[in-house]
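Counted the way this note's numbering counts, the sequence shown spans residues 12 to 511.
Just so it is clear, CB atoms sit at the ideal spot from N, CA and C, and this is done for glycine as well.
Note sheet for the following structure.
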Amino acid sequence: MKEIKLFIASSIVEFGEEREKLLSLFYTLNQAYEKYGVRFQVICCENLSHAVSAGRKQEEYNQEIRDSKYVYFLIGKHMGAFTFEEFKVAVEQYKKTGEAPLVYTFFKTFTDGGQSDDSVRQFMDVLSNDMDHYYSEFSSFDKLKLDILLELIRNADVRADMRFEDGQATLNGVGVMALDNIPAYSRNDELNARRAELAELNEELARKRIAFADDPEDDDLMNELSELGSRRSRLTEEIRGMESAVLDQCSLMLESRSDRRSAREESAMRLIGEGNVREANVILKDDLWEKEMTDTETMIASLAVKFEEFIRGKRLLVSNLKASGSPKKTDREIRKAYDAACGLALKWNVGTETVREYGEYLYRQKDYPAGIAVMEKLLAGELLRADTEAKERAERRLLLGKLYYYNQQYPKAEDVLKEAVSLCGIAENGGQEERFLLARVYAELANLYWKRKQVKEQEEALERAISLLEELRETPFAETEEYIDTYGTVQNRMGLLRRR
């Protein structure tokens, strides 16, 4: 049984009821997760010993926080010194481990005329401005409960199938909370209208079934039942789709807390949280916003031209430096120029061929760690450039594989070279450039397998490389220095292998 420890930090007096309800929630979750071998252990002031400690009692709380996977802070009208200390302990421990505890902060908003004091507002400012730590607000316990559940299931430890169905939130089929106090659900007029329509339809179906039971030979009544059943199925499917969309709304609003949000987003999300979707849509469909984005695109396009001009200038500078003397004398200036160009290229996804060029320069300089760092950034940026051709992506992986190899990171070298093979998957039936690229990838894999003494894999890679290169012997590629070097290397390797 895998045990996951959670700590609830809050004012002892102000949030006593909420802590009891959270304990009840996790008791329900333990029932839902028992079959998956997961158990939640919840720590809060109620279930820690109140006996006099030989040391400082607060330090016992702090140690429990350090040992927890998740820590939830509930902040109300006042931010106490002990709660602030616990927050600092949790954040420091997370920075130390990089994994745990995951820290979540929830501020209570008051609808009864109450308000938080300056200590709370100051803490909110510290989180937003100094620590870049996002937080949630809640006016009802159900909102707090939903946010905790949504945060929890985002983590791999407790991934679950969460659904909104018939006014209930379920996890893996187990009901965990009613949605009556979640305005995004309970005040959705369109959803409520369809749910009311479904209730009326069910009542009508029940009446018709009773009537049909009294007269099973009534064909007209049987046809009506069939039509009502079809209507109910269609309506139920529509409701499920709307309920799923409401769940997506709630998840999206929670996820977006980590981003800087515009005044429009803040207003729209506040309205959605209140269940006022129509007014939120008015804000999100704002024509002025569309025009602002069009103007921004035009401005960015003009900036992209400036970035490309700068990058080309730095590449020209690099060429001049390379031509003006020994790389040992100009290396520092060359790297400075490349760093400036590649920083812009990676940030704005323009002129990214310069980044691979820099990686190749570092490879030739035998600065393999620096080359790896540059190429890993380039590959990470591919997620933002879906239009990057498969051939170019394969070329990048071939270079990174060589850098990994000479840096003695053999498993990583094998992984990226195999990715290159996959990207060249159509190359064996493709053009000459693609086939030559694939031959080079197989040659590098053969080199790697030779180093790792994987004879069978080495032989297979050499055979594939030689086969591809043989097919290119009557093409212009056969006249290139790279072809001659590659062909000579693989033939030599194969000869050595077969003489063993």
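Between residue i and residue j, which are expected to be in contact by the criterion C-beta below 8 angstroms, what is the C-beta distance as a whole number of angstroms?
i	j	result
Leu411	Val427	5 angstroms
Asp158	Phe152	11 angstroms between Cβ atoms; not a contact.
Ser79	Ile54	7 angstroms
Val114	Val137	The Cβ separation is near 14 angstroms, so there is no contact.
Ile86	Lys119	7 angstroms
Met49	His89	Correcting the residue type first, residue 49 is Val in the shown sequence and not Met. About 35 angstroms; that fails the 8 angstroms criterion.
Val293	Ala195	Actually they are not in contact, since the Cβ atoms of Val293 and Ala195 sit about 17 angstroms apart, beyond 8 angstroms.
Tyr494	Phe447	7 angstroms
Gln69	Glu96	7 angstroms
Tyr369	Leu414	In fact, because the Cβ distance is near 12 angstroms, the residues do not count as touching under 8 angstroms.
Ser255	Leu161	That pair is no contact at about 14 angstroms.
Ile76	Pro112	6 angstroms
Gly286	Ser197	7 angstroms
Considering only the beta carbon of each residue, do residue i and residue j sit closer than 8 angstroms?
i	j	result
Gly544	Tyr374	No answer is possible for residue 544: it lies beyond the span of the chain, which begins at 12 and ends at 511.
Ala424	Val501	no
Leu295	Ala279	yes
Leu202	Met253	yes
Lys156	Leu36	yes
Glu444	Lys377	no
Ala348	Lys325	yes
Arg243	Leu216	yes
Leu449	Leu473	no
Leu190	Ala204	no
Arg463	Glu430	no
Ala476	Ala489	no
Leu299	Ala291	no
Gly392	Leu357	yes
Leu209	Ile250	yes
Ile345	Val329	yes
Can you tell which of the options has its C-alpha closest to the C-alpha of residue i?
i	options	result
Ala405	Asn183, Arg198 and Arg451	Arg451
Phe117	Lys106, Leu258 and Phe84	Phe84
Ala43	Asp172, Phe134 and Thr341	Asp172
Leu389	Asn418, Asp191, Gln376 and Trp359	Trp359
Gly284	Glu301, Met264, Asp297 and Lys302	Met264
Trp11	Gly506, Glu249 and Ile495	This structure leaves residue 11 out entirely; the chain is present only between 12 and 511.
Ala222	Ala210, Glu235 and Glu211	Glu235
Lys13	Phe51, Gln179, Lys68 and Glu481	Phe51
Phe93	Gln420, Ala111, Gly186 and Asn73	Asn73
Phe321	Ala352, Ser147, Met304 and Arg218	Ala352
Gln469	Leu459, Ile477 and Ser478	Leu459
Met142	Leu163, Leu160, Thr122 and Glu103	Glu103
Val187	Arg281, Asp229 and Thr39	Thr39
Phe98	Ile19, Arg30 and Leu161	Ile19
Tyr47	Gln179, Arg170, Arg206 and Glu364	Arg170
Asn192	Gly178, Gly184, Leu182 and Ala204	Gly178
Val288	Met135, Asp200, Leu33 and Gly184	Asp200
Glu31	Cys56, Leu355 and Asn41	Cys56
Glu45	Glu400, Val185, Glu248 and Met386	Val185
Glu238	Arg220, Glu319, Glu228 and Gly392	Arg220
Leu17	Phe26, Gly354, Val24 and Leu34	Leu34
Leu483	Asp297, Gly442, Glu301 and Phe121	Gly442
What span of residues does the alpha helix (DSSP H) with residue i cover, start to end?
i	result
Phe18	No alpha helix (DSSP H) contains Phe18, which is instead part of the beta strand (DSSP E) from Lys13 to Ser21.
Ala291	Val288 to Leu295
Cys261	Asp230 to Glu266
Gly284	Ala274 to Gly284
Val100	Ala92 to Thr108
Thr500	Glu492 to Arg510
Ala207	Asp200 to Asp225
Lys377	Looking at the DSSP string, Lys377 is not in any alpha helix (DSSP H), and its letter there is neither H nor E.
Thr305	Asp298 to Ala334
Ala450	Gln443 to Lys462
Thr486	No alpha helix (DSSP H) holds Thr486; DSSP gives it neither H nor E.
Asp128	No alpha helix (DSSP H) contains Asp128, which DSSP labels as neither H nor E.
Lys46	Element bounds for Lys46: n/a, residue is neither H nor E.
Glu430	Tyr421 to Leu434
Arg165	That residue, Arg165, is in no alpha helix (DSSP H); it is neither H nor E in DSSP.
Glu403	Ala401 to Tyr417
Starting from residue i, follow its DSSP beta bridges and name the residues at the other end.
i	result
Met188	Ala180
Lys119	Phe149
Arg174	Thr181
Leu480	Answer is none; Leu480 lacks a bridge partner.
Val366	The partner list for Val366 (beta bridge, DSSP) is empty, contrary to what the question assumes.
Leu138	DSSP, once it has assigned bridges, lists no residue as partnering Leu138.
Leu113	Tyr81
In terms of residues, what are the limits of the beta strand (DSSP E) holding residue i?
i	result
Leu85	Tyr81 to Ile86
Phe51	Val49 to Ile54
With 8 angstroms set as the bound, which would you pick, yes or no: does the beta-carbon of residue i sit closer than that to a beta-carbon of chain B?
i	result
Thr181	Absent here is chain B; the protein component of the structure consists of one chain.
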